[in-house]
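*Asks:* The sequence shown runs 1 to 296 under UniProt numbering. Every residue gets a Cβ at the ideal spot worked out from N, C-alpha and C, and that includes glycine. Note that this is a predicted model, so its numbers are computed, not measured.
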Amino acid sequence: MKCENCTKKECSKKQKNDDPQNATVNVLNSNDENKEKSEFHKLANAKIFLSDCLACDSCITAEEAVKVYQQNPNEFFRVLNLNKKCDTSKHKVLAVSICPQSLPYFAAKFNLSVTEAARRLCGFLKSLGVHYVFDIAIAADFSLLESQKEFVQRYRQQNQEECVLPMFSSACPGWIQYAERVLPSMVIPHICTAKSPQQIMGSLVKNYFARQQNLSPDKIFHIVVAPCYDKKLEALREDFYTHLYNSQEVDCVLTSGEVFQMMEQRKISLKEINEVSFDTLFGGIEEELNRHDGRS
């Protein structure tokens, strides 16, 4: 279908590039002296719009879109500035959890090892006023264990009527959203019910860690640094909202690109930042960057 006949309002082809609601990501800049670009470079120079990531098949409502756009660096700095201005009784503890998939992005940007990038990113965030920085890898371990337990349970019940196999497992909020709204009866019974690493981390920070610090969940502002926009949508789900404290398990998701823009605005390079180790959720254990083969 040609663009002039298309009725899809969300398509980036019909929107101006200077639209403030459409964050763009430059995938790669290629300087070809002869100005002859290969097919790879043509694709690599493409721009990705937030609307492209989330608006396919009407899987996001207008209300959800507004809430997604509100999760940005401005919200992060709003809380930071409130801490500086308001009474100490109203201060919020800022905790940032970093997805492992975001670290190679910063490592490549600044020509660092993944471990160096992680520790320098931790140093950068703490220099802004963040109190705690955690690695989400520990939550990924919990997510894998819960997924394994559920699969074993389903497998053992395969001769019973309530058994549903195969079991689909995905931590991609975009895919989950699509399945729920487009293929509910066909796919939903097969989806693993274990929380994603992001939301397990939200539970750990807002419940376990909050109790350790003698804080209520609403006194912690929890930010997640993730590679993908649709993680913002996941954080908004009603499933992950505590009505008693009027608090989300994850208050704000910043993409890797948004954090990099924060550095650019301050003319800061990670190479200039001192390395700082991650904080730990479990006292007495020094947090080291941890990876395993069970998850990308």
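#1: Helix, strand or coil for Arg88? Go by DSSP, reduced to three states.
#2: For Thr115, does the three-state DSSP call read helix, strand or coil?
#3: Determine the contact status of Arg156 and Leu165, defining contact as a CB-CB distance below 7 angstroms.
#4: Is the beta carbon of Glu234 closer than 7 angstroms to that of Pro173?
#5: Cα separation between Lys84 and Ser247?
#6: Checking the sheet assignment: what are the DSSP bridge partners for Asp135?
#7: Out of Asp230, Glu275, Arg266 and Ser256, which has the shortest C-alpha to C-alpha gap to Ala65?
#8: With 16 other CB atoms within 10 Å as the buried threshold, where does Leu204 fall?
#9: Which runs of the alpha helix (DSSP H), 4 residues or longer, sit entirely within the region 219–267?
#10: Between the region 134–143 and the region 193–204, can you find at least three pairs of beta-carbon atoms closer than 8 angstroms?
#11: Taking C-beta to C-beta, are Phe106 and Leu121 nearer than 7 angstroms?
#12: Ignore the nearest five residues each way along the sequence and tell me which others in Phe168's own chain have a CB closer than 6 angstroms to its CB.
#13: What residues in its chain sit with their C-beta under 6 angstroms from that of Leu236, if we drop five residues either side in the sequence?
#14: Going by beta-carbon coordinates alone, are Ile223 and Ala210 separated by less than 7 angstroms?
#15: Straight-line CA distance for Cys252 to Gln160?
#16: Can you tell me which of the three DSSP states Phe282 falls into?
#17: Mind reading off the beta-carbon distance from Ala226 to Ser102? Whole number of angstroms is fine, and I expect it under 8 angstroms.
*Replies:* The short version:
#1: Residue mapping note: residue 88 aligns to position 88 of the sequence shown, counting from 1. The amino acid at residue 88 is misidentified as Arg; the sequence shows Thr. Here Thr88 sits in helix by DSSP.
#2: Along the sequence shown, read from residue 1 onward, the residue named residue 115 stands at position 115. Under the three-state reduction of DSSP output, Thr115 falls in the helix class.
#3: The residue given as residue 156 occupies position 156 in the sequence shown. The residue given as residue 165 occupies position 165 in the sequence shown. Inclusion of Arg156 and Leu165 in the CB contact set at 7 angstroms is not warranted, their separation being larger than that value.
#4: Stepping through the sequence shown from its first residue, residue 173 is reached at position 173. Stepping through the sequence shown from its first residue, residue 234 is reached at position 234. Yes.
#5: For the purposes of this step, residue 84 is identified with residue 84 of the sequence shown, where counting begins at 1. For the purposes of this step, residue 247 is identified with residue 247 of the sequence shown, where counting begins at 1. Taking the Cα positions, Lys84 is about 22 angstroms away from Ser247.
#6: By one-based count along the sequence shown, residue 135 stands at place 135. The partner list for Asp135 (beta bridge, DSSP) reads Ile98.
#7: Mapped onto the sequence shown, residue 65 falls at position 65. Cα-wise, what sits closest to Ala65 is Asp230.
#8: Working through the sequence shown from its first residue, we reach residue 204 at position 204. Per the 10 Å Cβ criterion, buried.
#9: Qualifying alpha helix (DSSP H) stretches, in chain order: 230–235 and 256–265.
#10: The region 193–204 vs the region 134–143: in contact.
#11: For the purposes of this step, residue 106 is taken as residue 106 along the sequence shown, with counting starting at 1. For the purposes of this step, residue 121 is taken as residue 121 along the sequence shown, with counting starting at 1. Contact flag set, yes.
#12: Here residue 168 is taken as the residue at index 168 of the sequence shown, counted from 1. Correct list, in chain order: His190 and Ile191.
#13: Counted from its first residue, the sequence shown places residue 236 at position 236. Same-chain partners within the cutoff: Lys67.
#14: For the purposes of this step, residue 223 is taken as the residue at position 223 of the sequence shown. For the purposes of this step, residue 210 is taken as the residue at position 210 of the sequence shown. Their beta carbons are not under 7 angstroms apart, which means Ile223 does not touch Ala210 by this criterion.
#15: Taking the sequence shown and counting its residues from 1, the one referred to as residue 252 is at position 252. Taking the sequence shown and counting its residues from 1, the one referred to as residue 160 is at position 160. Straight across, the Cα-Cα distance linking Cys252 with Gln160 is about 42 angstroms.
#16: Taking the first residue of the sequence shown as 1, we reach residue 282 at position 282. Correct three-state label for Phe282: coil.
#17: Walking along the sequence shown from the start, residue 226 turns up at place 226. Walking along the sequence shown from the start, residue 102 turns up at place 102. Going by Cβ atoms, the distance from Ala226 to Ser102 rounds to 6 angstroms, so yes, they are a contact pair.
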